Amino acid sequence: MRFDTDKDGQISKSELRQIVRATGGWFSRWKGKAGIKSTDKNGNGFVDGCEMENLVHFAQKELGVRITAY
11 MRFDTDKDGQ ISKSELRQIV RATGGWFSRW KGKAGIKSTD KNGNGFVDGC EMENLVHFAQ
71 KELGVRITAY
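Take the sequence shown: its letter number 43 is residue 53 in the working numbering, and every next letter is one higher.
See below:
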């Protein structure tokens with residue numbers, strides 16, 4: 011994953027923030043927490059590879075981010 015900066019195979023809240031900022035977006039801290047909570051189906055606090063589709067859906071619906079490929 012391109013934005014998995016620590017290469018652990020997961021997207022953390024801080025990495026999610028970096029993703030949004032890198033694409034010219036911005037969101038509040040609570041929005042980042044909501045993004046992780048709504049996409050993290052196994053409850054480990056991260057977005058794993060199998061949850062990436064959930065993150066894409068959240069970003070498109072809640073953040074207005076258009077994602078064409080991931």
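Every residue, glycine too, gets a C-beta built ideally from N, C-alpha and C. Remember, predicted model here, so these are calculated numbers, not experimental data.
Cβ atoms of Ile29 and Phe56 stay farther apart than 8 Å, at about 13 Å. With 16 or more other CB atoms across the displayed protein chains lying within 10 angstroms of its CB, Ala69 is buried. For Ser22, no alpha helix (DSSP H) segment is defined, and its DSSP state is neither H nor E.
In this structure, Thr15 sits near Glu25, with a CB-CB distance shorter than 8 Å. Of Ile46, Asn54 and Gly59, the smallest CA-CA separation from Arg27 is found for Ile46.
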